[in-house]
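>
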Amino acid sequence: MQLESLTIINYKNIREGNLRLSPNINCFLGDNGMGKTNFLDTIYYLSFCKSHSNSIDSQNILHGEEFFMISGEYNRMDTPESIYCAMKRRQKKQFRRNKKEYDRLSDHIGLLPLVMVSPDDAILIDGGSDERRKFIDGVISQYNKTYLQYLMNYNNLLKQRNALLKEDSQQDSSIYDILEEQLDAIGNYIHSERVRFISDFIPVFQHFYTIISNDSEKVDLIYSSQYNEQPSLVEKLKATRDRDKLIGFTTSGIHKDELEMLLEDHPIKRIGSQGQNKTYLVSLKFAQFEFLKKIHGFKPILLLDDIFDKLDAKRVAKIVSLVSSDLFGQIFITDTNREHLDSILSELEHEALIFTVKEGVATQVGLL
Ligand SMILES: Nc1ncnc2c1ncn2[C@@H]1O[C@H](COP(=O)(O)OP(=O)(O)OP(=O)(O)O)[C@@H](O)[C@H]1O
Ligand SMILES: [Mg+2]
């Protein structure tokens with residue numbers, strides 16, 4: 000799948016952008032704060048109906064302006080797809096596929112699979128367990144609509160139970176019974192999908208880590224869930240009502256699941272060096288890419304934002320040879336350093352485009 004052209008008006012610091020893109024590698028080169036990541040963010044937006052870095056849409060409008068617009072022309076399995084998004088201050092955003100407005104934005108998720116490797120990924124290691132669940136859920140939701148729907152249902156039910164826990168009045172226990180049975184049924188489905196996904200995902204992740212680190216470290220992922228020990232949480236939910244009431248939220252369920260990230264059998268959070276963390280994150284994202292490629296039957300778009308930061312020359316070389324290979328399709332890459340890009344481009348057989356980015360303006364400077 001390829002994004003053939005991109006038109007942008009008033010998105011963050013990009014006042015106007017009109018880019019014709021390469022089906023292979025597209026590079027955005029420029030100094031800090033110039034808008035390289037913002038260009039990648041517009042492409043992310045067209046796949047996920049939201050910014051990667053700022054979920055408050057009005058803050059993505061160029062300061063002092065009233066709206067932003069992003070549109071992209073894609074070639075998806077030899078079929079053209081035209082995606083359009085416009086957002087005016089204080090109005091609902093418009094999102095259209097081939098001029099037709101979506102009823103629900105969630106219908107669009109998965110149409111244009113995309114993987115982004117970004118410095119913000121560090122939160123997967125440093126952040127709370129919700130970040131790692133979001134990662135798992137994000138990948139599964141891109142190919143399983145039922146999962147996405149069930150996840151939304153689960154979160155709604157959870158909100159209802161939590162609201163009930165906070166009420167002072169004496170409640171009818173049958174309301175709890177109904178909510179808990181539904182939470183358990185949906186939770187069970189989500190758990191089994193997570194188990195299936197993670198067992199397929201681990202070997203792919205380990206494969207990439209081995210390549211990039213030149214087989215110098217052992218990594219693993221362990222999915223822990225209350226459902227691993229018991230097939231139903233109905234009894235547990237019932238038994239913990241009083242305790243949950245004291246705390247003010249529900250303490251059992253798939254919203255407590257964890258994905259443990261291990262390096263040499265220890266949590267990477269505690270022992271990983273900066274370069275090891277980066278290798279871990281890049282491997283997770285490359286595995287996500289492989290996974291989506293297999294599910295969709297075509298190559299997702301790959302966004303590589305500042306990917307070489309913190310890595311030694313050997314690991315950079317491994318990544319360069321990976322991204323220059325046939326494993327990946329259309330790639331968008333940002334860097335402040337021309338040398339990395341030149342080393343990628345020198346290994347490439349296909350054409351590549353270079354844009355320099357200065358104060359929100361991208362100028363095509365080369366075709367290799
Ligand atoms: N809504 C907005 N209106 C105007 N400018 C904005 C808006 N949101 C962000 N910016 C500007 O965008 C710039 C950041 O752009 P971006 O993150 O793309 O930089 P970059 O080229 O990727 O830099 P780095 O190399 O440091 O990662 C900042 O100067 C910021 O002030
Ligand atoms: Mg950036």
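Residue numbering for the sequence shown follows numbering that gives the first Met the number 0, starting at 0 and increasing by one per position. All C-beta atoms in this analysis are idealised placements derived from N, C-alpha and C, irrespective of residue type, glycine included.
Would you identify the three-state DSSP class for L10, choosing helix, strand or coil?
The residue labelled residue 10 in the question sits at position 11 within the sequence shown. Sequence inspection shows Tyr at residue 10; the Leu mentioned does not correspond to that position. Correct three-state label for Y10: strand.
> Could you check if M151 is buried or exposed, using at least 16 other CB atoms within 10 Å of its CB as the buried criterion?
Position 152 of the sequence shown holds residue 151. The residue in question, M151, is exposed, as its Cβ has fewer than 16 Cβ neighbours within 10 Å.
> If you scan the segment 273 to 297 from start to end, which runs of the beta strand (DSSP E) of 3 or more residues do you find wholly inside it?
If we require 3 residues or more, the segment 273 to 297 turns out to have no beta strand (DSSP E) run fully inside it.
> In terms of residue numbering, what span does the alpha helix (DSSP H) encompassing K158 cover?
As a working note, residue 158 is residue 159 in the sequence shown. K144 to K165 is the span of the alpha helix (DSSP H), which, as asked, contains K158.
> Considering S70, what are the terminal residues of the beta strand (DSSP E) in which it resides?
Residue numbering aside, residue 70 sits at position 71 when the sequence shown is read from its first letter. That run of the beta strand (DSSP E) goes F66 to R75.
> At a cut-off of 7 Å, would you count D35 as near ligand 2, judging by its Cβ distance to the nearest heavy atom?
Residue numbering aside, residue 35 sits at position 36 when the sequence shown is read from its first letter. Checking the displayed sequence, the identity of residue 35 turns out to be Lys instead of Asp. At least one heavy atom of ligand 2 lies less than 7 Å from the C-beta of K35.
> Less than 8 Å separating the beta-carbons of D243 and L164?
Working through the sequence shown from its first residue, we reach residue 243 at position 244. Working through the sequence shown from its first residue, we reach residue 164 at position 165. In this structure, L164 lies closer than 8 Å to D243 by Cβ.
> When you compare the segment 80 to 90 with the segment 132 to 147, are there three or more beta-carbon pairs, one atom per stretch, that lie closer than 8 Å?
no
> Which residue or residues does DSSP assign as beta-bridge partners of H265?
To locate residue 265, count along the sequence shown from 1; it is residue 266. Beta-bridge pairing links H265 to L262.
> How about L182 and L156: are their beta carbons less than 8 Å apart?
Residue 182 sits at position 183 when you count from the first residue of the sequence shown. Residue 156 sits at position 157 when you count from the first residue of the sequence shown. Contact flag set, yes.
> Give the DSSP bridge partners of R96, in chain order.
The count along the sequence shown starts at 1 and reaches residue 96 at position 97. In the DSSP output, where bridge partners are listed per residue, R96 has I82 and K99.
> Does the segment 235 to 249 come close enough to the segment 95 to 104 to have 3 or more Cβ pairs within less than 8 Å?
no
> Does Q273 pass the burial test, meaning 16 or more other C-beta atoms within 10 Å, or should it be called exposed?
Translated into positions along the sequence shown, residue 273 becomes position 274. It is exposed - the Cβ of Q273 has fewer than 16 other Cβ atoms within 10 Å.
> Taking L340 as the reference, give the member of I7, I13, R14 and N25 with the closest Cα.
In the sequence shown, residue 340 corresponds to position 341, counting from 1. Nearest of I7, I13, R14 and N25 to L340, Cα basis: N25.
> If we call anything under 8 Å between Cβ atoms a contact, is E15 one with E72?
Taking the sequence shown and counting its residues from 1, the one referred to as residue 15 is at position 16. Taking the sequence shown and counting its residues from 1, the one referred to as residue 72 is at position 73. Contact flag unset, no.
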